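J.: Sharing a structure here in structure tokens format.
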Amino acid sequence: MPIPTTRAELVDMVSTSYTKLEKELKTLEADQAALPCVDAWTIKDLLAVRAWWTERVVDWIEAGPTASLELPAAGYRWSETPRLNAAIVKEHAAESYESLRERLTRGVERVLATIDALDDRALLEIGVFGWAGKWPIARWISINTARQYTTARTYVRRAVRCGKLGR
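Numbering-wise, the sequence shown is residues 692 to 858 according to our numbering.
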């Protein structure tokens, strides 16, 4: 998936990838959310992680361009994202599949509103948000949303297909 270079490309990437993922998720029966999906995660676990990252990218942007952030999360380095994702799964284990779907939907709505609220310079230029390093915010959004939804859809489809074969 290419890095978006315009606002329109970014909105299209986020909207299209989320719509395709949501189309898959809404067809699942309740018990299918517990299907093994990727590594040791279920579909529900995958959804918890995707919702968390969607929410975080907006939180980071809302913190502002000069914010001093501990990324990706307090107590974690980027090299420790597998450990962070495991903690996210554990933290949201009791949350229902439907609640996680709603969180993801609200997160996507926040992402799209954030994209709309940022001017082109803030969205597309490198260096506007100091914590973003050598990447424009559009890339941070793309990587933490559209790319993740595309891979999640692949994992969900595979899990459902394998689950049907095993029944």
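Glycine included, C-beta positions come from ideal geometry on N, C-alpha and C.
All of these numbers come straight from a predicted model, not from anything done at the bench.
Got a sec? Which residues, its chain only, sit under 7 Å from residue 708 by beta carbon, not counting five neighbours each side?
T.: Position 17 of the sequence shown, counted from the start, is the residue given in the question as residue 708. Answer for residue 708: 837, 840, 841, listed in chain order.
J.: Look up residue 729 in the DSSP assignment and give the residues it is bridged to.
T.: Reading the sequence shown from its first residue, position 38 is the one you call residue 729. According to DSSP, residue 729 bridges with 732.
J.: Would you identify the three-state DSSP class for residue 785, choosing helix, strand or coil?
T.: Taking the sequence shown and counting its residues from 1, one reaches residue 785 at position 94. Correct three-state label for residue 785: coil.
J.: Check whether the segment 765–777 and the segment 785–805 touch, using three or more Cβ-Cβ pairs below 8 Å as the test.
T.: No: the two stretches stay apart, fewer than three of their Cβ pairs being nearer than 8 Å.
J.: Spatial neighbours of residue 773 within its chain, please: C-beta separation below 7 Å, excluding the five flanking residues on both sides.
T.: On the sequence shown, residue 773 is found 82 positions in, with the first residue counted as 1. None.
J.: Count the CB pairs spanning the segment 800–820 and the segment 696–715 that are closer than 8 Å, and state whether there are at least three.
T.: yes
J.: DSSP three-state call for residue 804: helix, strand or coil?
T.: For the purposes of this step, residue 804 is identified with residue 113 of the sequence shown, where counting begins at 1. Residue 804 falls in the helix class under three-state DSSP.
J.: How about residue 734 and residue 724: do their beta carbons lie closer than 7 Å?
T.: Taking the first residue of the sequence shown as position 1, residue 734 is located at position 43. Taking the first residue of the sequence shown as position 1, residue 724 is located at position 33. Going by C-beta atoms, residue 734 is nearer than 7 Å to residue 724.
J.: Can you name the start and end residues of the alpha helix (DSSP H) that residue 696 belongs to?
T.: Position 5 of the sequence shown, counted from the first residue, corresponds to residue 696. Segment: none, residue 696 is in no alpha helix (DSSP H) and carries neither H nor E.
J.: In whole angstroms, what is the alpha-carbon distance linking residue 821 and residue 771?
T.: Mapped onto the sequence shown, residue 821 falls at position 130. Mapped onto the sequence shown, residue 771 falls at position 80. In a straight line, the C-alpha of residue 821 is about 22 Å away from that of residue 771.
J.: Where residue 793 and residue 718 are concerned, what is the direct C-alpha to C-alpha distance, given to the nearest angstrom?
T.: Locating residue 793 in the sequence shown gives position 102, where the first residue counts as 1. Locating residue 718 in the sequence shown gives position 27, where the first residue counts as 1. If you draw a straight line from the Cα of residue 793 to the Cα of residue 718, it comes to about 15 Å.
J.: So who's on the other strand from residue 767, going by DSSP bridges?
T.: As a working mapping, residue 767 is identified with position 76 in the sequence shown. Bridge partners of residue 767: 764.
J.: Using only the alpha-carbon positions, how far apart do residue 858 and residue 852 sit?
T.: Position 167 of the sequence shown, counted from the first residue, corresponds to residue 858. Position 161 of the sequence shown, counted from the first residue, corresponds to residue 852. Here the model assigns residue 858 a pLDDT of 47, short of 50, so the residue's position is not dependable, and the following value carries that caveat. Using only the alpha carbons, I get a separation of about 10 Å.
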